[in-house]
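Chemist: Position 303 of the sequence shown, counted from 1, bears residue number 390 in the working numbering, the numbering being contiguous throughout.
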Amino acid sequence: MQANQTAIVVGAGMVGLCCAYALHMRGIKVTVVDRDIEGDKTSYGNAGALAISECVPHSLPGQIWSMPKWLLDPMGPLSLRPAHIPAFMPWMLAYLGHSRKRQVAHIADALHAINERVSADYDPMLQAIGYADKVHDKGCIRVYDSFKSFKKSALEWRIRKQHGQDYELLGEDDLRRMAPAIGKAKQFGVFQPQWRIMDDPKGLVGCLRDWLLAQGVTMVNANVDALECAQSSVVGVTTNQGVINADMTIVAAGAWSKALAKQVGETCLLESERGYNTTLPNPNISLKHELLFAEEMFVASPLAIGLRVGGASEFAGLKAAPNYKRSDNLLHLAKRYLPDLNTEGGTQWMGHRPSTPDSLPVLGPSVKWQGLCYAFGHSHLGMTQAASSGQMLAEALMQPELGTDLSAYSIGRFS
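1. Rounded to whole angstroms, how far is the Cβ of Val96 from the Cβ of Val307, which I believe are closer than 8 Å?
2. Let me know if Val292 comes out buried or exposed under the rule of 16 or more other beta-carbons within 10 Å of its beta-carbon.
3. If the criterion is Cβ atoms closer than 7 Å, does the pair Val117 and Val304 meet it?
4. Considering only the alpha carbon of each residue, which of Ala138, Leu104, His111 lies closest to Glu377?
5. Quick one: what does DSSP say Cys227 is sitting in, helix, strand or coil?
6. Assess, as a yes-or-no matter, whether the stretch 421-435 is touched by the stretch 448-464 under the definition of 3 or more beta carbon pairs within less than 8 Å.
7. Over the uninterrupted alpha helix (DSSP H) stretch that includes Leu447, give me the two end residues.
8. Would you kindly report the start and end of the unbroken alpha helix (DSSP H) that includes Thr471?
9. Which residues does DSSP list as the beta-bridge partners of Val324?
10. Following the continuous alpha helix (DSSP H) through Leu378, name the residue where it begins and the one where it ends.
11. Got a sec? Which residues, its chain only, sit under 7 Å from Lys345 by beta carbon, not counting five neighbours each side?
12. Kindly give me the distance between the Cβ atoms of Asp158 and Leu167, rounded to whole angstroms, as I take these residues to be in contact under 8 Å.
13. Find the nearest neighbour of Glu255 within the set Ile337, Lys273, Gln281, Ala268, judged by alpha-carbon distance.
14. Among Lys375, Ser359, Ala391, Gln350, which has the Cα closest to the Cα of Thr366?
15. Based on the DSSP secondary-structure assignment, which residues constitute the bridge partners of Leu345?
16. Mind listing, in chain order, the continuous alpha helix (DSSP H) runs of no fewer than 4 residues lying wholly within the stretch 154-230?
17. Candidates Gln92, Ala99, Cys105, Asp415: which alpha carbon is nearest Leu480's?
18. Once the 5 residues before and after Asn503 are set aside, which same chain residues still bring their CB inside 6 Å of it?
19. Which runs of the beta strand (DSSP E) spanning at least 3 residues fall entirely within the stretch 225-290, listed in chain order?
20. Am I right that Arg395 and Gly135 are in contact with their C-beta atoms under 8 Å? What's the rounded C-beta distance?
21. For Ala387, report the span of its beta strand (DSSP E) as first-last.
22. Is His419 buried or exposed, if buried means 16 or more other CB atoms sit within 10 Å of its CB?
23. Which whole-angstrom value is the C-beta distance of Glu401 and Ser236, which I expect to be below 8 Å?
24. Could you tell me the distance, in whole angstroms, from the CA atom of Pro155 to the CA atom of Leu468?
25. Taking C-beta to C-beta, are Ser140 and Gln279 nearer than 7 Å?
26. Please classify Glu488 as buried or exposed, where buried requires at least 16 other C-beta atoms within 10 Å of its C-beta.
27. Could you check the C-alpha separation between Ile151 and Leu183 for me, to the nearest Å?
28. With DSSP as the reference, label Arg440 as helix, strand or coil.
29. I need the straight-line Cα distance from Ala505 to Leu425, nearest angstrom please.
30. In angstroms, rounded to a whole number, what distance separates the CA positions of Tyr496 and Ala309?
31. So which of Met265, Phe501, Gly341 has the shortest CA-CA distance to Ser466?
32. Report yes if the C-beta of Ala346 is less than 6 Å from at least one heavy atom of the ligand GTP; otherwise report no.
33. Helix, strand or coil for Arg395 per DSSP?
34. Phe385: buried (16+ other C-beta within 10 angstroms of its C-beta) or exposed?
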């Protein structure tokens with residue numbers, strides 16, 4: 088691409104807006120299209136962390152043996168609705184296949200290749216849009232029952248260490264000193280200083296969207312029904328308001344991206360990994376750091392708008408109604424480990440994480456069509472990797488001399 092050409096970004100979540108930002112800053116005339124430009128996106132309700140140290144794939148050796156326990160436990164971190172099992176099985180089989188050691192090493196390297204540039208890509212954008220003072224270097228404490236339970240996750244910590252991620256082990260006294268709100272049931276922790284916490288994810292998304300609008304980026308509130316194709320190129324999108332043409336179309340529609348790719352003959356394994364949370368406006372406790380409860384797999388995020396308690400991985404597809412008992416269960420767990428927590432008056436939420444079986448996003452050009460790129464599938468790391476995904480894609484399209492390699496994230500890996 089060259090400056091003054093045009094691009095459409097399908098999707099106004101954080102990844103889509105960061106793609107729009109990166110292209111706009113290189114002189115591209117950008118139009119963002121979404122059926123709900125200011126709506127309740129996955130970006131809106133996430134935990135508000137830039138989890139820079141998280142280069143560990145979700146699928147790990149031996150994990151399969153824990154899954155029955157997770158699925159049978161109503162308080163567990165994993166849920167699969169029976170009606171969704173047939174559609175889910177190809178994704179799940181691929182997920183298990185990626186737990187082999189060689190695969191884990193490759194995936195960790197590819198995750199790290201994005202994460203190592205997160206701050207360098209985010210900071211100039213945060214400064215430009217006026218949000219830099221609302222993102223804080225507070226770090227995260229990963230909380231364990233005991234040192235013995237921490238040792239069971241030795242592979243995860245070895246992967247982080249191999250990729251240059253420092254951490255500090257916290258015995259019970261140090262854990263209490265850094266997070267006095269944690270009850271006696273948890274006796275060990277690990278402090279990860281690289282994590283950054285924002286005041287309000289919705290606030291960041293809105294600030295970036297408003298800045299782009301003020302800079303002349305066009306925002307269209309419309310449903311994208313199809314990609315417009317001509318010969319071997321995608322030349323725009325068909326919406327419920329008509330056709331919009333552009334030199335480049337970027338599909339960044341999160342969990343809804345799979346359907347658009349399928350329309351033009353490109354397949355990918357993508358599932359909606361539904362997450363739940365509750366934001367508590369008056370939690371009655373104060374946390375300096377984000378807390379991630381390792382065994383139970385939920386987080387407590389200290390945001391400016393309240394304490395957000397979230398987590399869970401529910402596989403039920405895009406259309407099933409939310410099951411807010413998942414949010415209730417997470418609050419029950421939080422109360423168990425944060426005994427002074429006030430759980431009254433919270434706002435519940437559910438969002439669709441777009442998850443691939445290999446934990447890697449789909450990022451880069453189509454393998455079949457000119458004028459088409461993808462930027463979706465970031466799973467739990469959408470907010471973390473958004474700015475870098477936008478910059479890496481823009482570099483690959485407009486600055487080939489930089490040698491930005493997106494091959495590990497290509498949609499072609501699913502063929």
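Idealized CB from N, CA, C, for every residue including glycine.
Modeler: According to the data block:
1. Contact doesn't hold; Cβ gap of about 10 Å is too wide.
2. Of the other Cβ atoms in all chains shown, 16 or more fall within 10 Å of the Cβ of Val292; this residue is therefore buried.
3. Yes.
4. Comparing Cα positions, the closest option is Ala138.
5. strand
6. no
7. Taken as a continuous stretch (DSSP letters only), Leu447 belongs to no alpha helix (DSSP H), as it is neither H nor E.
8. If you look at Thr471, you'll find it in the alpha helix (DSSP H) that goes 469-485.
9. Leu314, Ile331
10. For Leu378, there is no enclosing alpha helix (DSSP H); the enclosing beta strand (DSSP E) covers residues 377-380.
11. Cys355, Leu357
12. With the sequence shown as reference, residue 158 is identified as Leu, and Asp is not the correct amino acid for it. Between Leu167 and Leu158 the Cβ distance is about 6 Å, and since that is below 8 Å, they are a contact.
13. The shortest Cα separation from Glu255 among Ile337, Lys273, Gln281, Ala268 belongs to Gln281.
14. Ala391
15. Note that residue 345 is Lys in the sequence shown, not Leu. Its beta-bridge partners do not exist; DSSP assigns none.
16. 154-159, 172-184, 188-202, 205-216
17. Cys105
18. Outside the shown range of the chain (88 to 502) lies residue 503, about which nothing can therefore be said.
19. The qualifying runs are 227-231, 255-257, 275-279, 283-285.
20. Right, the Cβ-Cβ distance comes to about 7 Å (below 8 Å), so this counts as a contact.
21. 385-390 is the span of the beta strand (DSSP E), which, as asked, contains Ala387.
22. exposed
23. Between Ser236 and Glu401 the Cβ distance is about 24 Å, and since that is not below 8 Å, they are no contact.
24. 25 Å
25. yes
26. Under a 10 Å Cβ-count criterion, Glu488 is classified as exposed, with fewer than 16 other Cβ atoms of the shown protein chains found around its own Cβ.
27. Rounded to whole angstroms, Ile151 and Leu183 show a C-alpha spacing of 7 Å.
28. strand
29. Given that the chain is displayed from residue 88 to residue 502, the structure contains no residue 505 and the question cannot be resolved.
30. 28 Å
31. Gly341
32. The ligand GTP is absent from the structure shown, which contains no ligands of any kind.
33. strand
34. buried
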